[in-house]
């Protein structure tokens, strides 16, 4: 039996309503999630290029905050397809399991004529996901989230990096104060609770966790059972990566 997870391993995400301004501020300090992310990479001998690693971490932060701004039952996956460097950044999570995971794809990435952001939202197992696709600009994942809000959520949002790996998503609600929102900067967001009337709506706990294991990987390989030679190429074992978190699993012919 696995060891119980201590509270310290979770990132605490606060959902704060700013009265009179009619905006929702979602705030979290991501060191626990980032620590588990790096432990995951170490466990499987993975190492990402520094620039792409930072971008993936920002995308994980943006999706976590977005999940808390959305209804509880949703599972959301974001895929960003970049042309230069040619890479896919993937992040997915859900509020019910309170978990987030993700990875980079640097091989066999489809080439496109623009940078694209794909979102899939599922509300219950087996249901058809709600999808959206948009063209994005720049190399800042937090700006991608802001573009996603304008085009897919149909409302403005801003995402801020604060010191100590803290991020804040500020999302407009109906009848929000447009002038105040437009002037928001890091200093204003840092002192939000001192300068504004706020109410803490809820607190959630998220961790970096995929939940994959060999038992979930093997059924995906079932169609290869009668074509084992094509899969193994003369070897007795192969390494299979989880498509969600890049965890590596050793699969032998006998396992099929």
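In our numbering, the protein residues as written are 2 to 257. Beta carbons are placed, not taken as given, at the ideal position from N, Cα and C, and that holds for glycine.
Checklist entry - Alpha carbon to alpha carbon, what distance is there between residue 122 and residue 158? => result 19 Å
Item to check | C-alpha distance - residue 231 paired with residue 154, whole-angstrom precision | outcome: 45 Å
Item to check | Supposed contact pair residue 172 and residue 24 - C-beta distance, whole angstroms, cut 8 Å | outcome: 6 Å
Item to check | As assigned by DSSP and simplified to three states, the class of residue 7 | outcome: Since pLDDT at residue 7 reaches only 43, below the 50 mark, its modelled position is unreliable, and the value read off the structure follows with that caveat. Correct three-state label for residue 7: coil.
Next on the checklist: Which of the three DSSP states is assigned to residue 239 in this structure?
Outcome noted: strand
Next on the checklist: With three or more C-beta pairs closer than 8 Å as the rule, is the stretch 12–29 touching the stretch 198–212?
Outcome noted: yes
Checklist entry - Once you ignore the five residues that flank residue 167 on each side, which residues in its own chain have a CB closer than 8 Å to its CB? => result 28, 29, 30 and 31
Checklist entry - Does the stretch 127–136 come within contact of the stretch 61–73, defined as at least 3 CB pairs closer than 8 Å? => result no
Next on the checklist: To test your reading of the DSSP string, which unbroken beta strand (DSSP E) runs of 3 or more residues are found completely within the stretch 105–192?
Outcome noted: 117–123, 131–136, 158–163 and 167–173
Checklist entry - Which whole-angstrom value describes the C-beta separation of residue 95 and residue 112, a residue pair presumed to lie in contact below a C-beta threshold of 8 Å? => result Going by Cβ atoms, the distance from residue 95 to residue 112 rounds to 31 Å, so no, they are not a contact pair.
Item to check | Buried or exposed by the 16-neighbour rule on C-beta atoms within 10 Å, applied to residue 73 | outcome: exposed
Next on the checklist: Classify residue 176: buried if its beta carbon has 16 or more other beta carbons within 10 angstroms, exposed otherwise.
Outcome noted: exposed
Item to check | Assigned secondary structure, residue 100 (DSSP; H/G/I helix, E/B strand, else coil) | outcome: strand
Checklist entry - From residue 7 to residue 114, what does the alpha carbon distance come to, in whole angstroms? => result Any reading at residue 7 is ruled out, since the residue's pLDDT is 43, under 50, leaving its predicted position unreliable.
Checklist entry - Among residues of its own chain, excluding the 5 on either side of residue 110, which ones have a beta-carbon nearer than 8 Å to its beta-carbon? => result 82, 87, 88 and 89
Item to check | Through-space distance from residue 142 to residue 92, alpha-carbon basis | outcome: 12 Å
Checklist entry - Cα separation between residue 126 and residue 11? => result 25 Å
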